[in-house]
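Participant: Numbered according to numbering that gives the first Met the number 0, the sequence shown spans residues 0 to 388.
Here it is, the structure in full.
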Amino acid sequence: MALTSQKQDFLFDNPPERKGTDSLKWARYAGHDVIPMWVADMDFPSPPAVLEALKKRVEHGVFGYAAAPPQAAEAVCRWFQTRYGWGIQKEWIVWLPGLVCGLNAVCRAFAEADEEITVLPPVYPPFLTAPVYSGRRLLRCPLRKTPDRYKIDFERLEQTISPTTRILLFCHPHNPVGRIWERAELEKLAELCLRKNLLLCSDEIHADLILDETSRHIPTASLSEEIAQQSITLASPSKTFNLPGLGCAYAVIPNIELRHRFLRTMRGIVPHVGPLGYTACIAAYREGAEWLDSLLKYLRANRDLLCQTINSLPGLSVTAPQATYLAWIDCRGLGLSNPAEFFEAAGVGLSDGAEFEGPGYVRLNFACPQSRLQEALHRIQKAVSNHTL
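In structure tokens, the structure reads:
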């Protein structure tokens, strides 16, 4: 039985200390007075139901090679139906130890060395590296920035795609700009992929982290049977429930021919999911909904505080993210050659926008206690004030 918020403090304000642990996020600045707000994991403990399930599994004491238990696929299917209204089938699920290897497998499976893969930068860096690591050609169609949001430049996308383009890698919701793509945009993108015969690979790892209370995530492949048969959806409970270190993700591939081709490419390259990953996935999807609701309220408050503060500072601006716990901050008004280094020197460790093909920007992870966010914002304010004197 899931613990309720009345009986359990979800520890958003007072999470466990991560300094001196095996945290990649915190180890980068060990021994330095820098608040790490870069890599996309949260500083919050996972849901109590997940921790309890993991404790029981650890008590068993044996951690051999794991086969996917049927309860895992059942939990995924139920989650997709409940949260998104998309009735996926268990047979469509291919388990992965992470989404990045999924992106790389897609590039290898569905494009040849002399063919092209299209991305929409600025975007999560593995979108940019997976085609290159695969020896495929990378095509870029940058998102178009408007005063209130980023948009897909469909006219330019039409011109970018060539007869040898095979795949469109799509980030939905978008990391780092925080867009929830609307139905009309998704339908236009699906129509283009169908017409151009492109495989649509949709990374939907942030699908549950919807901050805009008037919006709902629409899985790209749920738009029609036609696009479902020409798409691969990558997803995971890892961002939602802070489980990335347990290595459990999956691809949803309705088309049996695409699925078998993907599986053949994985052989001997992509490792299996471990037993603790499956355990956490099942518990999160079965019993994590209440925790997630509380998390989203906390993240919305953090987002609002961040946007209000950043947009009050000269030379900085940010569009409120509709989803994710990541803020894409425009620093170009400060005239800095490297804003990430500038803020690191001020005691705040951010992701360099250049790595996303967004030079002049930084990405800030606000999935942390609000007191820590307040301190980081204070340091940013002080640095900007000193710079603009």
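Ideal Cβ positions, reconstructed from N, Cα and C, are used throughout, including at glycine.
Taking the alpha-carbon of Gly244 as reference, which of Asp12, Phe11, Asp42 and Ala29 has the nearest alpha-carbon?
Facilitator: Here residue 244 corresponds to residue number 245 of the sequence shown, with the count starting at 1. For Gly244, the nearest C-alpha among the options comes from Asp42.
Participant: In chain order, what residues of the same chain lie with their CB nearer than 6 Å to the CB of Gln5, ignoring the 5 residues before and after it?
Facilitator: Here the question's residue 5 lines up with position 6 in the sequence shown. Confidence is the limiting factor: at Gln5 the pLDDT is only 40, short of 50, which leaves the residue's position unreliable, though a coordinate-based value still follows. Once the five neighbours on either side are set aside, Gln5 has no close Cβ partner at all.
Participant: When the Cα atoms are used, what is the spatial distance from Cys192 to Asn337?
Facilitator: Mapped onto the sequence shown, residue 192 falls at position 193. Mapped onto the sequence shown, residue 337 falls at position 338. Going by the C-alpha atoms only, they are around 37 Å apart.
Participant: For a test of the three-state rule: what should DSSP assign to Leu233, helix, strand or coil?
Facilitator: As a position in the sequence shown, residue 233 is number 234, starting the count at 1. Three-state DSSP puts Leu233 in a strand.
Participant: Output the boundary residues of the beta strand (DSSP E) element that contains Ala248.
Facilitator: For the purposes of this step, residue 248 is taken as residue 249 along the sequence shown, with counting starting at 1. Its beta strand (DSSP E) spans residues Ala248 to Val251.
Participant: Would DSSP call Tyr297 helix, strand or coil?
Facilitator: Within the sequence shown, residue 297 is the residue found at index 298, counting from 1. Three-state result, Tyr297: helix.
Participant: Which runs of the alpha helix (DSSP H), 4 residues or longer, sit entirely within the stretch 107–177?
Facilitator: Segments of the alpha helix (DSSP H) lying fully in the stretch 107–177: 124–132 and 153–159.
Participant: Can you give me the C-alpha to C-alpha distance between Asp211 and Val61, rounded to a whole angstrom?
Facilitator: Translated into the one-based positions of the sequence shown, residue 211 becomes position 212. Translated into the one-based positions of the sequence shown, residue 61 becomes position 62. Rounded to whole angstroms, Asp211 to Val61 spans 43 Å at the Cα level.
Participant: Using DSSP bridges, identify the partner residues of Pro35.
Facilitator: To locate residue 35, count along the sequence shown from 1; it is residue 36. Bridge partners of Pro35: Gly348.
Participant: Helix, strand or coil, according to DSSP, for Arg215 in the structure here?
Facilitator: Here the question's residue 215 lines up with position 216 in the sequence shown. If DSSP states are grouped into helix, strand and coil, Arg215 belongs with coil.
Participant: From the DSSP output, in three-state form, read off Ile87 for me.
Facilitator: Residue mapping note: residue 87 aligns to position 88 of the sequence shown, counting from 1. Ile87: coil per DSSP, three-state reduction.
Participant: Pull up the DSSP beta-bridge partners for Leu199, would you.
Facilitator: Your numbering for residue 199 matches position 200 in the sequence shown. Its beta-bridge partners are Leu167 and Ser230.
Participant: Apart from the five residues on each side of it in sequence, which residues of its chain come closer than 7 Å, Cβ to Cβ, to Leu291?
Facilitator: Numbered from its first residue, the sequence shown carries residue 291 at position 292. Once the five neighbours on either side are set aside, the close Cβ partners of Leu291 are Asp207 and Thr239.
Participant: Name the DSSP beta bridge partners of Asn364, please?
Facilitator: Numbered from 1 along the sequence shown, position 365 holds the residue referred to as residue 364. Leu325, per the DSSP bridge assignment.
Participant: How long is the line joining the alpha carbons of Leu289 and Pro218, rounded to whole angstroms?
Facilitator: Locating residue 289 in the sequence shown gives position 290, counting from the first residue. Locating residue 218 in the sequence shown gives position 219, counting from the first residue. Note that residue 289 is Glu in the sequence shown here, rather than Leu. Distance between the alpha carbons of Glu289 and Pro218: 22 Å.
Participant: Near Ser375, which residues of its chain fall below 7 Å by C-beta distance, leaving aside the five closest residues on each side in sequence?
Facilitator: Your numbering for residue 375 matches position 376 in the sequence shown. According to the sequence displayed, residue 375 carries Ala and not Ser. Counting only Cβ-Cβ distances below 7 Å, and skipping sequence neighbours, we find Ile34, Met36 and Val347.
Participant: Is Trp94 helix, strand or coil by DSSP?
Facilitator: By 1-based counting over the sequence shown, the position of residue 94 is 95. Strand, per DSSP.
Participant: On the three-state DSSP scale, how would you describe Val317?
Facilitator: Within the sequence shown, residue 317 is the residue found at index 318, counting from 1. It is a strand residue.
Participant: Rounded to the nearest angstrom, what separates Pro162 and Leu156 at their Cα positions?
Facilitator: Mapped onto the sequence shown, residue 162 falls at position 163. Mapped onto the sequence shown, residue 156 falls at position 157. Rounded to whole angstroms, Pro162 to Leu156 spans 13 Å at the Cα level.
Participant: Determine the extent of the alpha helix (DSSP H) in which Glu286 is found, giving its start and end residues.
Facilitator: Your numbering for residue 286 matches position 287 in the sequence shown. Run containing Glu286: Pro274 to Glu286, per the alpha helix (DSSP H) assignment.
Participant: Grab me the residues of Val176's own chain with a C-beta within less than 6 Å of its C-beta, minus the 5 sequence neighbours each way, in chain order.
Facilitator: Counting from one through the sequence shown, the residue named residue 176 turns up at place 177. The residues are Tyr149 and Trp327.
Participant: Under 8 Å, do Leu127 and Leu167 count as touching if we go by C-beta distance?
Facilitator: Locating residue 127 in the sequence shown gives position 128, counting from the first residue. Locating residue 167 in the sequence shown gives position 168, counting from the first residue. In this structure, Leu167 does not lie closer than 8 Å to Leu127 by Cβ.
Participant: Which residues share a DSSP beta bridge with Ile204?
Facilitator: On the sequence shown, residue 204 is found 205 positions in, with the first residue counted as 1. In DSSP, Ile204 forms no bridge with anything.
Participant: Under 8 Å, with one C-beta from each stretch per pair, do the stretch 292–303 and the stretch 136–155 reach the 3-pair mark?
Facilitator: Not touching, per the Cβ criterion.
Participant: Tell me the rounded alpha-carbon separation between Gly357 and Pro120.
Facilitator: Along the sequence shown, read from residue 1 onward, the residue named residue 357 stands at position 358. Along the sequence shown, read from residue 1 onward, the residue named residue 120 stands at position 121. Those two C-alpha atoms are separated by around 8 Å.
Participant: List the endpoints of the continuous alpha helix (DSSP H) containing Ser370.
Facilitator: Here the question's residue 370 lines up with position 371 in the sequence shown. Per DSSP, Ser370 belongs to the alpha helix (DSSP H) from Gln369 to His386.
Participant: Give every residue of the same chain whose Cβ lies closer than 7 Å to the Cβ of Leu390, excluding the five residues on either side of it in the sequence, and list them in chain order.
Facilitator: In the structure as shown, the chain starts at 0 and stops at 388, and residue 390 therefore has no counterpart that could be examined.
Participant: How big is the Cα-Cα spacing for Pro68 and Ser133?
Facilitator: Locating residue 68 in the sequence shown gives position 69, where the first residue counts as 1. Locating residue 133 in the sequence shown gives position 134, where the first residue counts as 1. The alpha-carbon atoms of Pro68 and Ser133 are separated by roughly 31 Å.
Participant: Determine the closest residue to Pro146 out of Leu349, His386, Leu262 and Ala319, with distance taken between C-alpha atoms.
Facilitator: Residue numbering aside, residue 146 sits at position 147 when the sequence shown is read from its first letter. Nearest option by C-alpha distance: Ala319.
Participant: Report all residues from its chain with a CB closer than 6 Å to the CB of Thr399; omit the five preceding and five following residues, and keep chain order.
Facilitator: Only positions 0 to 388 of the chain appear in this structure, which leaves residue 399 out of reach.
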